[in-house]
Amino acid sequence: MGTKRSVVAAAMSGGVDSSVAAALLVEQGHEVVGITMDLFPLPFRACRDGDLQSCCGLNARVDAARVAAALGISHVTADFRKDFERAVIADFCAEYRRGRTPNPCVRCNRLVKFELLWKRVRRLGAERLATGHHARVEYDRSRKRFLLKKGFDQAKDQSYFLHSLTQEQLGRTLFPVGGMTKADVRRAAARLGLSVAAKPESQEICFVPDRDYARFLRERMPGAFRPGPIVDRAGRIVGRHRGIAHYTIGQRKGMGVPGPHPYYVLSLDPDTNTVVLGRGEELMKKRLRVAEVNWIAIKGLARAREAAVKIRYRHREAKAVLRPSKAGEVVVEFERPQRAVTPGQSAVFYDGEIVLGGGIIAAALDEGGP
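If you count by the numbering used here, then the sequence shown holds residues 69 to 438, one letter each, in order.
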């Protein structure tokens, strides 16, 4: 009697990474079920755009189905549009309304891809869920914890977006391409004859493929685009803005404020509908407060410890000290000041290749503050 093969659900976005992930699972002998999430209904003209670089839309579903057929595996589509609207898009809009700059991919991973999708594939008989993320999961017997590690290809590492995953979620997850470079992935796709071998990568936020966030937000919350004052650090009015949702910390373009030096957005105050400008050097902050912290490699932070911290996906890690604060929050103090600390973005803590944990930046802190 033959050994029963394990059933693995492969989340297939229609991109090369998730396609190769599914193919590798087939080669390893798993029984694979491909599943594509229908998250956001892009306009038809966008879906038919050959230059579309998004994991949402008709093209993604067609490409995923084509790859599944080539691999000889079953393929289904799961409609999560209402869930995605509630869990991700509504929060995205609310954060901009609060003068913050969110990272919807982090929230989508925790609440949709690794929670709602898991519940769906579990009903299909799947024992594990695999995705095409460039990250790695290992079980550490000494810590008795699942560890999240950076992807082998440092330039494509996506562990930053996965810092909010729980031990339970990590324990049932596979990242088949996490130990490969992007070049390796494309070579594997070509070897397997997959139609997506040369497909461009998805970029930016999947539900705003044209990157026009202001247009997207204006359609959903026009009240966030009330004109208001632009002030300097002393509170003097130096101009007028078109709505705080147009701006983010560190932004230079689009100010329309003349002066002897470039102006940058230092902060946004939704209560007074005010944009605060200043010089580039005033963007440098040494301390910040992180809320909604999720720990992965450790159970919690009992005392101060050193770590490397990223405050944006493309931010270069910087040495810092983590200190426990009230209500489970963490205060990060960098060895050297960092530019444009942005509330709403994620701060992720690393120990070498290992993700210690991470959370959402609540505020930049002034020197000597609490």
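In this text, a Cβ means the ideal position worked out from N, Cα and C, and glycines have one as well.
Which of helix, strand or coil DSSP assigns to residue i
i	result
I312	helix
R190	helix
A158	helix
D252	helix
Y381	coil
Y281	helix
F229	helix
D131	helix
K354	strand
N177	helix
F293	helix
R259	helix
L139	helix
A266	coil
G118	Residue confidence for G118 is low, a pLDDT of 47 falling below 50, so the modelled location carries little weight; the figure read from the coordinates is stated next. G118 falls in the coil class under three-state DSSP.
S210	coil
Y331	coil
E360	strand
R371	coil
A90	helix
K150	helix
L107	coil
V276	coil
Separation of residue j from residue i, as counted between CA atoms
i	j	result
A137	D131	10 angstroms
D434	Q413	18 angstroms
L424	G307	43 angstroms
T234	I364	7 angstroms
G83	L216	23 angstroms
R404	A376	12 angstroms
V189	G247	24 angstroms
Y418	A155	27 angstroms
K439	K150	With the chain represented from 69 up to 438, any question about residue 439 goes unanswered, as that position is not in the structure.
E385	L107	32 angstroms
D159	V101	31 angstroms
Q406	R382	13 angstroms
S232	K378	14 angstroms
T241	H201	11 angstroms
A292	A282	10 angstroms
K224	T249	8 angstroms
Q121	R165	In this predicted model, Q121 has a pLDDT of only 48, less than 50, meaning its place in the structure is not dependable enough to derive any value.
G494	E374	Residue coverage of the chain in this structure runs from 69 to 438, which leaves residue 494 outside it and unanswerable.
A313	G97	49 angstroms
I422	A257	28 angstroms
F152	F182	13 angstroms
Y315	Y332	10 angstroms
G118	E269	Confidence at G118 is low in this model, with a pLDDT of 47, below 50, so the placement of that residue is unreliable and no value is reported for it.
V174	A162	15 angstroms
S87	A370	42 angstroms
D252	Q319	36 angstroms
E401	Q222	25 angstroms
D280	K267	23 angstroms
S142	N127	18 angstroms
E236	Y207	12 angstroms
L179	A203	18 angstroms
I428	P109	28 angstroms
G324	P277	27 angstroms
R129	N171	24 angstroms
V75	H309	54 angstroms
Rounded Cβ spacing between residue i and residue j (contact assumed at less than 8 angstroms)
i	j	result
A146	M105	5 angstroms
T169	I305	At roughly 24 angstroms, the Cβ-Cβ gap does not stay under 8 angstroms, so T169 and I305 are not in contact.
G311	R294	6 angstroms
F148	L184	6 angstroms
F229	I157	Not a contact, Cβ separation roughly 17 angstroms.
A89	L139	Not confirmed; about 11 angstroms, so no contact.
E350	L334	6 angstroms
P411	A430	6 angstroms
G479	P338	Only positions 69 to 438 of the chain appear in this structure, which leaves residue 479 out of reach.
G426	N362	7 angstroms
S210	G219	In fact, because the Cβ distance is near 23 angstroms, the residues do not count as touching under 8 angstroms.
V409	K367	So it is not a contact: roughly 27 angstroms between Cβ atoms.
A372	R391	5 angstroms
D85	V245	5 angstroms
E95	R73	So it is not a contact: roughly 13 angstroms between Cβ atoms.
V144	I103	5 angstroms
Residue i: CB within 7 angstroms of a non-hydrogen atom of the ligand SAH
i	result
R384	In the structure shown, the ligand SAH is absent, as is every other ligand, since no ligand is present at all.
Flag this pair as touching only if the region 294–301 and the region 344–359 have three or more C-beta atom pairs under 8 angstroms; answer yes or no. yes
Is the region 282–291 touching the region 258–265 in the sense that three or more CB pairs, one from each, lie closer than 8 angstroms? no
Is it a yes or a no for the region 188–198 touching the region 71–86, going by three-plus beta-carbon pairs under 8 angstroms? yes
Taking contact to mean 3 or more Cβ pairs, one atom from each stretch, closer than 8 angstroms, check whether the region 397–404 and the region 350–361 are in contact. yes
Any chance you could list the beta strand (DSSP E) runs of at least 3 consecutive residues sitting entirely within the region 384–428, in chain order? 386–392, 398–407 and 414–419
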